[in-house]
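Down below is the structure, laid out as structure tokens.
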Amino acid sequence: MASATAKQASKTAPKTSAAGAGAAGVNGGPPIMPLASPLMGKKKKPFLGMPAPLGYVPGLGRGATGFTTRSDIGPARDANDPVDDRHAPPGKRTVGDQMKKNQDDDDEDLNDTNYDEFNGYAGSLFSSGPYEKDDEEADAIYAALDKRMDERRKERRELREKEEIEKYRMERPKIQQQFSDLKRKLAEVSEEEWLSIPEVGDARNKRQRNPRYEKLTPVPDSFFSKHLQTGENHTTVDPLQGLGGLNTPYPGSMTPGLMTPGTGELDMRKIGQARNTLMDMRLSQVSDSVSGQTVVDPKGYLTDLNSMIPTHGGDISDIKKARLLLKSVRETNPHHPPAWIASARLEEVTGKLQVARNLIMKGTEMCPKSEDVWLEAARLQPGDTAKAVVAQAVRHLPQSVRIYIRAAELETDVRAKKRVLRKALENVSKSVRLWKTAVELEEPEDARIMLSRAVECCPTSVELWLALARLETYENARRVLNKARENIPTDRHIWITAAKLEEANGNTQMVDKIIDRAITSLHANGVEINREQWIQDAEECDKAGSVATCQAVIRAVIGIGIEEEDRKHTWMEDAESCVAHGALECARAIYAHALQVFPSKKSVWLRAAYFEKNNGTRESLEALLQRAVAHCPKAEVLWLMGAKSKWLAEDVPAARSILALAFQANPNSEEIWLAAVKLESENNEYERARRLLAKARSSAPTARVFMKSVKLEWVLGNIEAAQELCTEALKHYEDFPKLWMMRGQIEEQCENMDKAREAYNQGLKKCPHSVALWLLLSHLEERVGQLTRARAILEKARLKNPQSPELWLESVRLEFRAGLKNIANTLMAKALQECPSSGILWAEAVFLEARPQRKTKSVDALKKCEHDPHVLLAVAKLFWSERKITKAREWFLKTVKIEPDLGDAWALFYKFELQHGTEEQQEEVRKRCENAEPRHGELWCAESKHVLNWQKKTGEILALVASKIKNTF
Numbered sequence: 001m002a003s004a005t006a007k008q009a010s011k012t013a014p015k016t017s018a019a020g021a022g023a024a025g026v027n028g029g030p031p032i033m034p035l036a037s038p039l040m041g042k043k044k045k046p047f048l049g050m051p052a053p054l055g056y057v058p059g060l061g062r063g064a065t066g067f068t069t070r071s072d073i074g075p076a077r078d079a080n081d082p083v084d085d086r087h088a089p090p091g092k093r094t095v096g097d098q099m100k101k102n103q104d105d106d107d108e109d110l111n112d113t114n115y116d117e118f119n120g121y122a123g124s125l126f127s128s129g130p131y132e133k134d135d136e137e138a139d140a141i142y143a144a145l146d147k148r149m150d151e152r153r154k155e156r157r158e159l160r161e162k163e164e165i166e167k168y169r170m171e172r173p174k175i176q177q178q179f180s181d182l183k184r185k186l187a188e189v190s191e192e193e194w195l196s197i198p199e200v201g202d203a204r205n206k207r208q209r210n211p212r213y214e215k216l217t218p219v220p221d222s223f224f225s226k227h228l229q230t231g232e233n234h235t236t237v238d239p240l241q242g243l244g245g246l247n248t249p250y251p252g253s254m255t256p257g258l259m260t261p262g263t264g265e266l267d268m269r270k271i272g273q274a275r276n277t278l279m280d281m282r283l284s285q286v287s288d289s290v291s292g293q294t295v296v297d298p299k300g301y302l303t304d305l306n307s308m309i310p311t312h313g314g315d316i317s318d319i320k321k322a323r324l325l326l327k328s329v330r331e332t333n334p335h336h337p338p339a340w341i342a343s344a345r346l347e348e349v350t351g352k353l354q355v356a357r358n359l360i361m362k363g364t365e366m367c368p369k370s371e372d373v374w375l376e377a378a379r380l381q382p383g384d385t386a387k388a389v390v391a392q393a394v395r396h397l398p399q400s401v402r403i404y405i406r407a408a409e410l411e412t413d414v415r416a417k418k419r420v421l422r423k424a425l426e427n428v429s430k431s432v433r434l435w436k437t438a439v440e441l442e443e444p445e446d447a448r449i450m451l452s453r454a455v456e457c458c459p460t461s462v463e464l465w466l467a468l469a470r471l472e473t474y475e476n477a478r479r480v481l482n483k484a485r486e487n488i489p490t491d492r493h494i495w496i497t498a499a500k501l502e503e504a505n506g507n508t509q510m511v512d513k514i515i516d517r518a519i520t521s522l523h524a525n526g527v528e529i530n531r532e533q534w535i536q537d538a539e540e541c542d543k544a545g546s547v548a549t550c551q552a553v554i555r556a557v558i559g560i561g562i563e564e565e566d567r568k569h570t571w572m573e574d575a576e577s578c579v580a581h582g583a584l585e586c587a588r589a590i591y592a593h594a595l596q597v598f599p600s601k602k603s604v605w606l607r608a609a610y611f612e613k614n615n616g617t618r619e620s621l622e623a624l625l626q627r628a629v630a631h632c633p634k635a636e637v638l639w640l641m642g643a644k645s646k647w648l649a650e651d652v653p654a655a656r657s658i659l660a661l662a663f664q665a666n667p668n669s670e671e672i673w674l675a676a677v678k679l680e681s682e683n684n685e686y687e688r689a690r691r692l693l694a695k696a697r698s699s700a701p702t703a704r705v706f707m708k709s710v711k712l713e714w715v716l717g718n719i720e721a722a723q724e725l726c727t728e729a730l731k732h733y734e735d736f737p738k739l740w741m742m743r744g745q746i747e748e749q750c751e752n753m754d755k756a757r758e759a760y761n762q763g764l765k766k767c768p769h770s771v772a773l774w775l776l777l778s779h780l781e782e783r784v785g786q787l788t789r790a791r792a793i794l795e796k797a798r799l800k801n802p803q804s805p806e807l808w809l810e811s812v813r814l815e816f817r818a819g820l821k822n823i824a825n826t827l828m829a830k831a832l833q834e835c836p837s838s839g840i841l842w843a844e845a846v847f848l849e850a851r852p853q854r855k856t857k858s859v860d861a862l863k864k865c866e867h868d869p870h871v872l873l874a875v876a877k878l879f880w881s882e883r884k885i886t887k888a889r890e891w892f893l894k895t896v897k898i899e900p901d902l903g904d905a906w907a908l909f910y911k912f913e914l915q916h917g918t919e920e921q922q923e924e925v926r927k928r929c930e931n932a933e934p935r936h937g938e939l940w941c942a943e944s945k946h947v948l949n950w951q952k953k954t955g956e957i958l959a960l961v962a963s964k965i966k967n968t969f
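Residue numbers (full-length UniProt numbering): 1 to 969.
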């Protein structure tokens with residue numbers, strides 16, 4: 001009914017009003033007024049008179065569709081309208097659900113859970129808006145800013161991320177890392193061991209578990225010949241027929257070159273051809289070899305035949321292609337020598353030697369002026385034929401040096417060689433190579449005659465002039481070299497040879513003049529003086545024994561091309577380079593020149609002194625030191641080196657006189673006072689040492705002087721005097737930790753543990769950052785059985801001195817000695833976190849692990865501390881424990897080379913050689929240790945600083961420490 005009413009209303013609406021309303025809606029202006037009607041006085045609805053919107057169904061919005069009946073003119077909605085499923089379950093609705101879903105897709109998720117304080121919402125709030133050009137420019141600017149800010153903090157961020165990852169991996173290692181050592185050991189498992197590993201149970205039946213191998217029967221050749229005789233055209237065998245004989249792996253059977261092109265089937269005719277070809281190649285090679293051998297070795301024949309078979313797919317077909325290409329090149333350009341040479345070498349490689357010879361001889365006909373073709377022909381031909389070929393080549397190329405050299409090589413008799421070369425020199429007299437080859441075959445007298453002719457023919461050859469000068473007498477050699485200088489004024493070797501000649505004949509005063517004249521002459525002829533080349537020449541003179549020439553060259557060129565401010569640095573580098581090359585005289589000359597230029601530089605004198613100490617004699621060192629102290633009297637170390645040299649030579653009076661002179665130059669010098677005390681005490685002059693120390697305490701009182709005074713009384717057994725001196729010293733130097741240590745150790749030696757504890761505690765109040773004091777107090781408490789107190793002391797010490805590897809190491813060892821290995825491992829993990837690059841901690845961590853995990857730990861230690869001597873020493877001990885003697889020796893050598901001052905490394909190395917080395921190796925280690933004079937190391941200091949060992953030499957302490965080492969690792 002509603003629909004009928006609506007239709008009637010729409011029919012009564014005048015057309016003009018509808019048009020007017022439409023115009024109003026479109027143009028946006030005032031609506032056109034309709035004609036007069038009875039309804040003009042009432043307020044008209046705004047939608048009346050307007051056309052219905054698209055898809056409008058009257059009454060549908062208020063649910064009037066339910067009132068339609070079959071008697072009506074039809075349903076109110078159109079057949080194409082969406083179905084109204086408002087009363088369906090939520091999942092089954094169509095219209096509302098679809099609209100809501102589309103709306104959800106369009107709208108962004110602005111829920112609080114999707115909001116981030118820094119980034120905002122997950123998506124863009126303005127993604128629904130248009131993306132214009134200014135938006136693109138803004139995004140580009142922001143991207144550039146982000147990139148710039150990212151680059152500024154990139155290194156710092158990456159380093160922080162790397163440290164965090166390493167820390168995380170250390171706390172939570174991967175399962176892969178935990179089993180890495182086992183996986184490394186898989187490389188050592190042999191095939192037999194691998195196969196002997198029991199398999200998991202097999203649930204298959206017996207036939208499946210033990211399959212019988214397939215039996216393959218090779219097909220005889222008669223089978224193929226029969227089918228070929230019957231006229232059948234099929235020359236291939238279908239692999240599906242089950243004839244497995246063709247799969248038998250005889251050499252060359254499955255070569256891809258034997259396949260029929262375009263198919264994967266075997267061409268049997270080509271197999272037969274290939275077999276015959278290979279046999280023919282082998283037989284022709286044996287019968288026509290270059291050396292003339294015609295005997296076939298029956299044992300090695302099959303092996304050699306297999307080696308002739310192409311080893312990779314496609315060789316035969318590739319050879320055919322190469323042969324065709326080279327044939328085309330020869331026919332296109334027959335006068336191209338490389339084509340003939342390549343063709344001959346291809347046939348030589350395939351074994352067709354006679355074909356190669358024929359080809360190359362054809363090449364000599366086509367290219368008679370090609371030197372390479374003739375040489376290739378001579379190489380391929382056998383002996384006598386090769387001579388004939390070379391003779392023919394000489395007729396075509398009479399000026400070819402290489403052909404003459406080849407002709408001489410083909411001759412077996414020396415006389416024939418000389419005859420050939422002399423004939424060659426008649427035709428090519430300007431060839432230096434021919435002259436050198438000919439001279440090498442002659443006797444010295446004949447060689448001298450030939451060289452005199454050679455330098456006339458080749459006056460620009462330095463080698464020939466120098467060779468002639470070597471063979472001549474002194475006077476004649478001088479004339480020869482003068483002529484050489486006239487002919488070749490730009491070569492430095494002639495001048496250097498002249499200087500060496502004068503030196504060899506005793507005219508050393510002429511050497512400097514010759515070298516100076518050489519520099520002047522070369523400058524005048526426009527030759528640039530290359531300093532590095534001249535120094536290399538000087539090194540060669542040094543190795544040849546021409547010391548004066550070497551020194552003269554160094555003096556002449558050492559200052560060329562160097563800025564004034566760079567001289568000292570550059571000269572020191574040159575001296576070190578010469579020492580590395582073994583040219584000691586060159587280095588000595590450089591040092592001498594540097595000392596002349598810088599006579600007051602202490603560093604140069606020290607380097608020269610150390611050079612003489614390591615590479616010179618005692619006399620040269622003492623002479624140098626005498627000059628050094630004359631120029632640098634305030635350099636205490638030079639005085640001390642001179643005194644020590646005299647003392648080592650057991651010349652005590654001379655050492656005393658040097659120290660007396662040092663006192664005059666450096667009054668009240670602590671180092672010289674202590675050196676004098678050591679000299680007297682080492683020579684058992686204890687009273688003189690006491691007087692010196694007393695005088696030093698009055699004139700130059702220092703903490704070290706007091707400490708040496710206490711130490712002298714202590715080692716001599718005067719405990720009371722030592723304690724009195726220690727008390728007096730602590731009044732003046734209470735912040736010197738070594739005095740507190742000595743006081744506590746003296747009390748410990750007297751079994752006064754309470755007084756020792758009190759001394760250590762007082763010392764720690766004054767010196768809380770002295771790690772050695774904390775360790776001594778901890779050892780004291782542990783010795784008296786107070787393990788808990790020792791642990792507490794070490795924890796307090798770690799708080800006072802964070803990141804101290806020594807304290808962490810002692811804490812770990814304390815727990816380990818107490819039998820608490822788990823706690824020791826935990827402490828070690830914490831220690832490595834706090835001190836990740838500490839070598840002593842990593843070295844201890846290696847041997848805290850069980851034996852299977854030690855190698856993995858050592859790899860980690862080397863990654864963290866690649867050049868730390870303690871880690872290298874731990875690796876050497878690890879190889880020693882595994883009985884890998886050679887590797888252990890290599891790592892010991894590496895350790896003592898990196899840190900020669902580490903006494904523990906020398907002691908362990910010596911112990912190792914005592915067990916596994918020869919007497920020569922043991923003696924070498926001992927001598928090297930004595931030269932190094934190590935002063936540090938836990939085991940070393942425990943013995944070297946013991947009061948009973950105070951007079952022992954380095955070698956004695958080395959043997960003592962080695963005897964105390966037990967192979968418990």
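Every residue gets a Cβ at the ideal spot worked out from N, C-alpha and C, and that includes glycine.
Please read all numbers here as calculations on a predicted model, not as lab measurements.
Unbroken alpha helix (DSSP H) run spanning E486, endpoints: Y474 to N487
Closest residue to M366 among H396, G351 and E348 (Cα-Cα distance): H396
Where does G937 land, buried or exposed, given buried means 16+ other C-beta within 10 angstroms? buried
Grab the span of the alpha helix (DSSP H) containing K911 for me, first residue to last. G903 to H916
Taking contact to mean at least 3 C-beta pairs separated by less than 8 Å, is the stretch 149-160 in contact with the stretch 816-835? no
Top-ranked residue by Cα proximity to G839, from R851, L776 and E806: E806
DSSP-derived helix/strand/coil call for H581: coil
Going straight from the alpha carbon of T350 to that of W340, what length do you get? 16 Å
Inspect the beta-carbon positions of L434 and V401 and report whether they are closer than 8 Å. yes
Determine the direct distance from the alpha carbon of T473 to that of E445, and round the result to whole angstroms. 12 Å
Below 8 Å between beta carbons: does that hold for L716 and Y760? no
What separation, rounded to the nearest whole angstrom, lies between the Cα atoms of Q177 and K183? 9 Å
So that I know if they touch, is there some Cβ in chain C lying closer than 8 Å to that of I488? Among the chains in the structure shown there is no chain C, since it carries only a single protein chain.
By DSSP, does H936 sit in helix, in strand, or in coil? strand
Under three-state DSSP, which class holds S620? helix
Just the Cα atoms here: how many angstroms apart are S196 and S180? 23 Å
Taking DSSP as the reference, what is the three-state secondary structure of L159? helix
Examine the Cβ distances between the stretch 871-880 and the stretch 892-905 and report whether three or more of them are shorter than 8 Å. yes
Can you tell me where the alpha helix (DSSP H) holding A504 begins and where it ends? R492 to A504
Measure the alpha-carbon distance for G59 versus F47 and round it to whole angstroms. 16 Å
Compare the C-alpha of D904 against each of K423, K884, A932 and A589 and name the closest. A932
Span of the alpha helix (DSSP H) around V652: V652 to A665
So what does DSSP say about T520, is it helix, strand or coil? helix
Which residues in the same chain as K602 place their Cβ atom closer than 6 Å to its Cβ, once the five residues preceding and following it in sequence are excluded? C632 and A635
Quick check on the burial criterion: 16 or more other C-beta atoms within 10 angstroms. Buried or exposed for K708? buried
With DSSP run on the structure shown, which of helix, strand or coil describes L54? coil
For the alpha helix (DSSP H) that K418 lies in, which residues bound it at each end? V414 to N427
Which residue marks the beginning of the alpha helix (DSSP H) containing residue 1015, and which one marks its end? Lying outside 1 to 969, the shown extent of the chain, residue 1015 is not represented and no answer is given.
Under 8 Å between the Cβ atoms of C726 and M742? yes
Would a C-beta distance cut-off of 8 Å place residue 971 and L809 closer than the cut-off? Outside the modelled stretch of the chain, which goes from 1 to 969, sits residue 971, for which no answer is possible.
What is the C-beta distance between E943 and V961, in whole angstroms, given that I count them as a contact (C-beta under 8 Å)? 5 Å
Outcome for Y142 when other beta-carbon atoms lying within 10 angstroms are tallied against a minimum of 16: exposed
Length at least 4, wholly inside the stretch 869-894: the alpha helix (DSSP H) runs in chain order: 869-881
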